[in-house]
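Read through the structure below, which is laid out as C-alpha cells, and then see the notes.
Written out as C-alpha cells, the structure reads:
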C-alpha cells in the first residue's frame, strides 16, 4: 500500500467541482439490486475542450462482465454531449485493467511534453502522493468523434 493513500483525503472539495457521476446498476448485486460501478467525469476548461475521467470503479463481483467498458462508453458519450472534444484520464500504464483496458477502448497515451496544464498538475499531485511507486503512470486521451448521419 502506498503510505500517503492510507490516510484520509485532506478534503473532498474536488468532488464539488462541475462534473458528472454515472452509475451502473445491476439486478444481481450481492445484496440484491443496486449500484455496481460508477464513473466520475470532470469538466476541465470553460470553453469545453477537455473532460477528464477522474475515477472509474466497478465492484469486484461485477468485474469482467462489461460494466467498466459500458461506463467508459457512457462517459465518452456524456462528455461528447456536454460539448467536449477530448476525454483524458490518468492511470497505471501496465496494469491489465488500467492502461491496456483503456487502450482497447480507444485511448492513447499522451507524451508528457504535450500535457495540458490541468493534466500536468494532476500528474504532479499523483507523484507527490507516491502513486508512481506502485508502477508507471500515464495520461491517456481519446478524441470524441461527432456522429454523422446520412
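In my numbering, the protein residues as written are 51 to 200.
Beta carbons: idealized from backbone N, C-alpha and C, even for Gly.
Inset, instruction - Check residue 180 in the structure and name its three-state DSSP category. - result: Residue 180: coil per DSSP, three-state reduction.
Inset, instruction - Could you tell me the distance, in whole angstroms, from the CA atom of residue 90 to the CA atom of residue 172? - result: In a straight line, the C-alpha of residue 90 is about 15 Å away from that of residue 172.
Legend entry - C-alpha gap between residue 161 and residue 87, whole angstroms: So the alpha carbons of these two residues sit roughly 30 Å apart.
Inset, instruction - Mind listing, in chain order, the continuous alpha helix (DSSP H) runs of no fewer than 4 residues lying wholly within the region 111 to 144? - result: Within the region 111 to 144, the alpha helix (DSSP H) runs of at least 4 residues that lie entirely inside it are, in chain order, 117 to 131.
Legend entry - Closest Cα partner of residue 169 within the set 95, 69, 117, 73: Residue 169 has its Cα closest to that of 95, out of 95, 69, 117, 73.
Legend entry - Secondary structure of residue 159, DSSP reduced to three states: In the three-state reduction of the DSSP assignment, residue 159 falls in the strand class.
Legend entry - residue 164 classed as buried or exposed, judged by whether at least 16 other C-beta atoms fall within 10 angstroms: Exposure of residue 164 is indicated by the presence of fewer than 16 other C-beta atoms within 10 angstroms of its C-beta.
Inset, instruction - Could you check if residue 192 is buried or exposed, using at least 16 other CB atoms within 10 Å of its CB as the buried criterion? - result: Result: buried.
Legend entry - Reduced DSSP secondary structure (H/G/I, E/B, other) of residue 105: Strand.
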